[in-house]
Every structure is written in structure tokens, then in C-alpha cells.
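Just so you know, we're using our numbering here: the sequence shown kicks off at 767 and counts up by one. The block underneath contains the structure these notes are about, expressed in C-alpha cells.
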Amino acid sequence: MKDLLFLGLRFPYPPHRGDRIRAFNLLRGLSRQFRITLVTFYEAERELAGIAALRDLCHEVKVVRRPRWSGRARAMRNLAGQEPLQNGLWYSPDMQRMVDTTLDTCQPDVAQAQFFRMGQYVANAPVPRLLDFGDALSLNLRRRAGRERNPALRWLTAHEAGRAERFEGKIARDFDKVVICSTVDREAIHAANGDLALEIIENGVDLDYYTPSDAPRGARPPTMLFTGTMDYFPNTDAAYHLAEDVLPRVRARLPDARLLLVGANPPRSVKRLERHAGVVVTGRVPDIRPYFADADVFVSPMRCGSGTQNKNLEAMAMGVPVVTTKLGGYGTRVVEGRDMFCVDGPDNLAARAAEIMADEDLRAAMRRNGRQYVEREHGWDVITDKLASLLHSIIPTASDAA
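Here you go:
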């Protein structure tokens, strides 16, 4: 069994947000073929309780506390240079020492870095290297700048998008293999760096954890659901759009319809959305599956962001029909109108959501089709086997040495 050094951005357990979901499930799949040393940041002491769960997957788990104030100071210094502010936010001399020491003592056969923020620690390391972009950060930032209301933040975000775009091309050339989660994100990076070879490693969903509920539904109003980490800008923007623009149009057709906004860290502005009739903001919940089981439709009106929306995959795995925007459907191979609806504008989003909630036969067909789609396209076993093959392909063999 080969030795893999896996550099994670955030502590990957519990896997309750996009980057943690991807890291945890890649670790779980790769652990069948590699002996893994995980080196990752953590942000709060309570996260360290998850080390025991990760030791079932990893030979060794090493952690470094993410720098806060020093990271922000480095980010500000980057304003005078060319590197993204993100690199400064996530750079830590302690992490660099940990990575260098681990390379010396463990002598891994191959290294994998999650996002270019972790790629900066092994860009010139004397070991075969794979960089997982996840999604195209430059695309994410450019879309966010288009939605940002604060002029100063809009300028800063657009400026950072340009820095990220240039750095994505620069750092990719320092790695033996580079992967990304969708063709849309790959095309965004190719637009500025057309000569880069980027492989697709999709996002997946845990098909055993997220399963359709057979529990009988009691009497309750027509229910729309949206989930996500609520202080993440694209999710905050989507929550506003749902509560202020989409739900009133739905309630014009279905007056008792309600909207559940479920996810950690809702800022005060999101909590205030409960002033709208029918809106419930839960904050963090211990288990999100009962909320999927209670929903008639999952509405994901993403207007910015990048990558494949894990929340949509989870909903389909749970057998909940999905209505999203065209942007929200990027990175999938769904048949629109069969597996999910991908429409833009509050009128269209509301019409599709109301149609699903009012039509039991349509709801049943989309429950079935959505589940079949994720079983066919987004199971983690197939995804991690593909990634493992890429990692093995860059490890020198005995014949290479000869």
C-alpha cells in the first residue's frame, strides 16, 4: 500500500459543508488504497473531538490551528503583491514546518493538496503532487462581485478574482496532476489558462446516509426547503432571494406554503427573514435528514458561487424534487425537467416549486428520477476510484527508475 500525504484546508469532520464533505469522502475512499497521513488546519478546539473518527481512515492525523490575525495581516500585505489575499489568509509558518517535517519523516509516495491555499505548501516539494482545485475560486469570486452591494467589497472581490485567476494558472503548472469538480469550472480556468490539463473529479453524495424516507407524512403545509452554511455569501444571497422574491409568489398560489432555511451560522440579516410570513430559520441542526424528509421540494436559487452544489445532490439522494437556477445546475449531467428543474427568475422558480407541491404524481416521478440520477452519476466509490488511479499514475514505478 502506497503512502499518501493529504493536505486538507479545514478539519474534515463532521462533514457538514461543501469542502469538508469532499475532503472526508475522498479520504474515506482513498483509505482503501493508500496509507494516509492527513495534515489539516482546525479552527476551534471542539473540532478535535473528530480526530478519533478520522483515525479510522488515516494512519496519522496532524493538525495546526488556523492563524486568524496573522493571516489577515499577511492578506493585507498581499495587496501590494500579486498573490491572492486567500494565500495570506491561509498561510501559516507552523503549517509549513509541519508539512516539511512530515515530508522528511514519512517519505510519502505522493501528495494531494486541497485547493490552491494548501497547494502553496507543497508546490515545490520533492514528491509527486496532485492539486485538487475543488471548484474555480476565480469564477466564484467574479460571480460574487456581480452580486455584492457594498462598493468597496465589490471592488475588492473583483480584484481578488483577477489575482485568483492568475494564480490558478501559475500554481497548476507546479503539479503533476490537477483536478476540478466540473466542466464549467474547468472551462472557466481554461478561458485564462487554456494550456492546462485538468481532470474532472466530480462531487459525490453518500448514498447510504442520504436515503429517501418512507415515514408517513402527517398533516402539514406545503413545504419548501433550502440548506447550507448560511454565512457563506452565495447561500446568504439565495436565502434572501427565496424569502423576499420567490416565497411570496408561491404563497399567491398556495397561501399556507412555508419555507425552511436550515443551516449553521445564520447572520442576523438571515434570521430577520422570519419576519416574512411562512419563513422558518433553524440555525445549526444535529441531523439535516428529517428536514429533507419533511420537504415537498428543495429550492436552491443560486445566483453566485461555483462548483457542483452538494445540497442539490443530497436532496435528490433523499428523494426530494429539486428546483434550482441554471447556475445551480452546473456541474451535473441532469436531464432538465426530468431529474430536476433548472430555471431562472423568481416567477419561474415559484411556478415550478408550486407545481411540484400541488402535483403528487410529478413529485413522485421527480423523487424517483432524482435518486436514480445520483446513484448513476455521483456515488463516491466510483469517484474515489478514479482519483486513486490518477494518484497511482504519477507515482514512479521500478521501471521508471531503471
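Think of the CB as a built atom: it goes at the ideal place given N, C-alpha and C, for glycine as much as any other residue. Just so you know, these numbers come straight off a predicted model, no measurement behind them.
Query: Simplified DSSP state of Ala1168, which is helix, strand or coil; Result: Reliability fails at Ala1168, whose pLDDT of 49 lies under 50, so the model's placement of it is uncertain and no value is given.
Query: Length-filtered (4 minimum) alpha helix (DSSP H) runs lying within the stretch 829–895; Result: 835–844, 851–855, 859–872, 881–885
Query: Residues sharing a beta bridge with Glu826, DSSP; Result: Thr803
Query: Residue of Arg1019, Val1101, Met1068, Tyr1057 minimising C-alpha distance to Ala1117; Result: Arg1019
Query: Range of the contiguous beta strand (DSSP E) that encloses Asp940; Result: Here Asp940 belongs to no beta strand (DSSP E), and DSSP marks it neither H nor E.
Query: Burial state of Gly1136 (16 or more Cβ within 10 Å); Result: buried
Query: Selected residue, minimal CA-CA separation from Gly1044, among Arg932, Pro988, Asn1031; Result: Pro988
Query: Beta-carbon proximity check, Val1086 vs Val1063, cutoff 8 angstroms; Result: yes
Query: Rounded straight-line distance, which links the Cα of Arg831 to that of Ala1168; Result: In this prediction, Ala1168 scores a pLDDT of 49, lower than 50, which makes its location untrustworthy; the coordinate-derived value is nonetheless stated afterwards. Their Cα atoms are separated by approximately 42 angstroms.
Query: Pair within 8 angstroms by beta-carbon distance, Arg1015 and Asp1113; Result: yes
Query: Segment limits, alpha helix (DSSP H) that includes Ser904; Result: 903–913
Query: Classification of Tyr1096 by the beta-carbon crowding that lies within 10 angstroms, buried from 16 upward; Result: buried
Query: Span of the alpha helix (DSSP H), counted from its first residue to its last, around Phe790; Result: 784–796
Query: Leu964 - DSSP class collapsed to helix/strand/coil; Result: coil
Query: Rounded C-alpha distance that separates Ser948 from Ile955; Result: 11 angstroms
Query: Reduced DSSP category for Pro778 - H, G, I as helix; E, B as strand; rest coil; Result: coil
Query: Coarse secondary structure for Phe992, derived from DSSP in three states; Result: strand
Query: Pairwise C-alpha distance: Arg794 and Tyr975; Result: 14 angstroms
Query: Short Cβ contact (8 angstroms threshold) for Val888 with Leu773; Result: yes
Query: Residue range of the alpha helix (DSSP H) that includes Leu1156; Result: 1146–1159
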